[in-house]
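Chemist:
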Amino acid sequence: MSTDSKTKKPLNSGKSYYVKSFGCQMNVYDGERMGEMLSDQGMQASETREDADLVVLNTCHIREKAAEKVYSDIGRLRRKDGSTPMIAVAGCVAQAEGQEISRRAPSVDIVVGPQAYHRLPELINTAKTGHKAIDTDMPPNSKFDVLPSRPKQPRPSAFLTVQEGCDKFCTYCVVPYTRGAEISRPWGEIVDEAKALVDGGVKEITLLGQNVNAWESEDDKGHRQGLDGLIRALDRIDGLERIRYTTSHPNDMTQGLIDAHSNVASLMPYLHLPVQSGSNRILKAMNRSHTVESYLEILERVRTARPDIALSGDFIVGFPGESDEDFEATLEVVRAANYSQAFSFKYSPRPGTPAADMDTQIAPEIMDERLQRLQALLNEQQFDFNRKLDGKNTRILLERQGKKDGQLVGKTPWLTSVHVIAPDAKIGDMLDVHIDSAGPNSLQGSLIRRKAA
Ligand code: SAH
Ligand code: SF4
Ligand code: F3S
Numbered sequence: 049m050s051t052d053s054k055t056k057k058p059l060n061s062g063k064s065y066y067v068k069s070f071g072c073q074m075n076v077y078d079g080e081r082m083g084e085m086l087s088d089q090g091m092q093a094s095e096t097r098e099d100a101d102l103v104v105l106n107t108c109h110i111r112e113k114a115a116e117k118v119y120s121d122i123g124r125l126r127r128k129d130g131s132t133p134m135i136a137v138a139g140c141v142a143q144a145e146g147q148e149i150s151r152r153a154p155s156v157d158i159v160v161g162p163q164a165y166h167r168l169p170e171l172i173n174t175a176k177t178g179h180k181a182i183d184t185d186m187p188p189n190s191k192f193d194v195l196p197s198r199p200k201q202p203r204p205s206a207f208l209t210v211q212e213g214c215d216k217f218c219t220y221c222v223v224p225y226t227r228g229a230e231i232s233r234p235w236g237e238i239v240d241e242a243k244a245l246v247d248g249g250v251k252e253i254t255l256l257g258q259n260v261n262a263w264e265s266e267d268d269k270g271h272r273q274g275l276d277g278l279i280r281a282l283d284r285i286d287g288l289e290r291i292r293y294t295t296s297h298p299n300d301m302t303q304g305l306i307d308a309h310s311n312v313a314s315l316m317p318y319l320h321l322p323v324q325s326g327s328n329r330i331l332k333a334m335n336r337s338h339t340v341e342s343y344l345e346i347l348e349r350v351r352t353a354r355p356d357i358a359l360s361g362d363f364i365v366g367f368p369g370e371s372d373e374d375f376e377a378t379l380e381v382v383r384a385a386n387y388s389q390a391f392s393f394k395y396s397p398r399p400g401t402p403a404a405d406m407d408t409q410i411a412p413e414i415m416d417e418r419l420q421r422l423q424a425l426l427n428e429q430q431f432d433f434n435r436k437l438d439g440k441n442t443r444i445l446l447e448r449q450g451k452k453d454g455q456l457v458g459k460t461p462w463l464t465s466v467h468v469i470a471p472d473a474k475i476g477d478m479l480d481v482h483i484d485s486a487g488p489n490s491l492q493g494s495l496i497r498r499k500a501a
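Anchor point for the sequence shown: position 195 equals 243 in our numbering, and the numbering is continuous, going up by one each time.
#1: Identify every run of the alpha helix (DSSP H) within the segment 271-301, keeping only runs that are complete inside it and at least 4 residues long; order them along the chain.
#2: According to the Cβ coordinates, are serine 296 and leucine 331 closer than 7 Å?
#3: Within 10 Å of its beta-carbon, does threonine 460 have 16 or more other beta-carbons around it, so buried, or fewer, so exposed?
#4: Less than 6 Å between the CB of serine 396 and some heavy atom of ligand 1, yes or no?
#5: Could you give the DSSP three-state label for alanine 153: helix, strand or coil?
#6: Taking 6 Å as the cut-off, is the beta-carbon of lysine 216 closer than that to any non-hydrogen atom of ligand 2?
#7: Just mark histidine 109 as buried or exposed, buried being the case when its beta carbon has 16 or more other beta carbons within 10 Å.
#8: What does DSSP give as the partner residue(s) for phenylalanine 363 in the beta ladder?
#9: I'd like to know whether the C-beta atoms of glutamate 212 and isoleucine 231 end up nearer to each other than 7 Å.
#10: Does the segment 71-91 come close enough to the segment 188-206 to have 3 or more Cβ pairs within less than 8 Å?
#11: Between cysteine 221 and ligand 3, is there a pair consisting of the residue's CB and a ligand heavy atom that are separated by less than 6 Å?
#12: Can you list, in chain order, the stretches of the alpha helix (DSSP H) that have 4 or more residues and sit fully within the segment 64-130?
#13: According to DSSP, simplified to helix, strand and coil, what is serine 265?
#14: Checking 7 Å against the spacing of the C-beta atoms, do aspartate 484 and glutamine 492 come in under that value?
#15: For asparagine 386 and glutamine 429, which I take to be in contact (beta-carbon distance under 8 Å), what is that distance rounded to the nearest angstrom?
#16: Give a yes or no on whether the C-beta atoms belonging to asparagine 259 and leucine 275 are separated by under 7 Å.
#17: Is it buried or exposed for serine 325, if we count other Cβ within 10 angstroms and need 16 for buried?
#18: Where does aspartate 432 fall in DSSP's three states?
#19: Determine the closest residue to serine 490 out of Gly450, Gly476, Trp235, Gly369, with distance taken between C-alpha atoms.
#20: Taking glutamate 376 as part of the alpha helix (DSSP H), name the residues at either end of that continuous run.
#21: Mind checking who glutamate 212 pairs with in its DSSP beta bridge?
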């Protein structure tokens, strides 16, 4: 029995839920699908966690800080009168820690892994009886067979998970353990979901996967297709203006996908291709299975296919055994690659991963110093990239309201944010703008002329 069952509010259809997602875009996508499923069950989305009868914390386990955050968040759900909502911990911490979570935080009623959340309604029923409900099964692919189809949602941009899990086992990373083996969703399912999103008003779809470019499946005619084939099929959907994909692994970057960047009109000139380190010795210890040279050679082919491509990446500093020389090599690869944007992290030892047991862990102050130097260089490159757009004309997709009166914020094809005063425009419009000035993180633009949405 739950120790908290007496202070819990009963949960029924007609009650409200709040889903908070942390971590990567795939978690954001999962959080949306959980919400859609709960709505389908007759529950209502709540604006705030304070008013919700059920709070789902959709968690991330990638670094220690992210994983520990869930416990302080659970603590904050206790209300002034001592009661708590029904609490479900979903996502990668749920998968990694399982019932340990409800032992450490007894107010947690439900623990559900990323491949089992379609069973949330049954788990809620179990929790209603005062029992802890835990489901960290990994039934292959089945959640997508069970989840309700996507409701109409008038918004400009949406995520669509096409590939899940990872078989790469980089020695620092928890994803293969929390998300399971690499699987590709079937062709028809993805095309149908994309059409439903576009029907609802979506103009841009970002295809998601831990290794999205490893996606492969048969098309509707039984032909084997890679991600480029899928992108070409989605490009034919009327009303879908922009296609993006993330995250890609260098080893799965096929020439077909590179070529798609030169001849698929709706495929945006943006590539997130993490290298992690610029030292071959460290890449080997990370089990990355690519080298600095093979990475740079891919970039060369990508830039031949699409010279204006914006490149993004991920970096880890302070991986066990990383010497000053190894770190200098990382700065060197950054200079050679020239990023428009990038994410960089201090190495965080994760339980159960091989790197956590390596006896050459790096001191925190060395990591801090390296991260600062790396981020200074990456910020400089980002600002340079933004400055090159200054004075140019481009097309943006409006995504949200800005802070000023009549101001809207949209994205360029290269994923840079542009602030523009356009009182007659609305979210979801595509606008032609002139870039008037560039800042380190965004651009200022002015309207050239209004295009029909
Ligand atoms: N599948 C993607 C990204 C997965 S996780 C890829 O292979 O590139 C997102 C990023 O988190 C990784 O690219 C890596 O830079 C970072 N990351 C993963 N594990 C980490 C750890 N233990 N410590 C610090 N950063 C980590
Ligand atoms: Fe993690 Fe490596 Fe898989 Fe990316 S490729 S998810 S970093 S194990
Ligand atoms: Fe985090 Fe899981 Fe994504 S660990 S980064 S939420 S796959």
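Ideal Cβ placement from N, Cα and C applies to all residues, glycine included.
Modeler: Based on what the coordinates show:
#1: 275-283
#2: no
#3: buried
#4: Yes.
#5: coil
#6: yes
#7: buried
#8: Gln324, Ser392
#9: yes
#10: yes
#11: no
#12: Those alpha helix (DSSP H) runs which fall completely within the segment 64-130 and span 4+ residues are 73-88, 112-123.
#13: strand
#14: yes
#15: 6 Å
#16: no
#17: Classification for serine 325: buried.
#18: helix
#19: Gly450
#20: Start and end: 372-385.
#21: Answer by DSSP bridge pairing, in chain order: Ile231.
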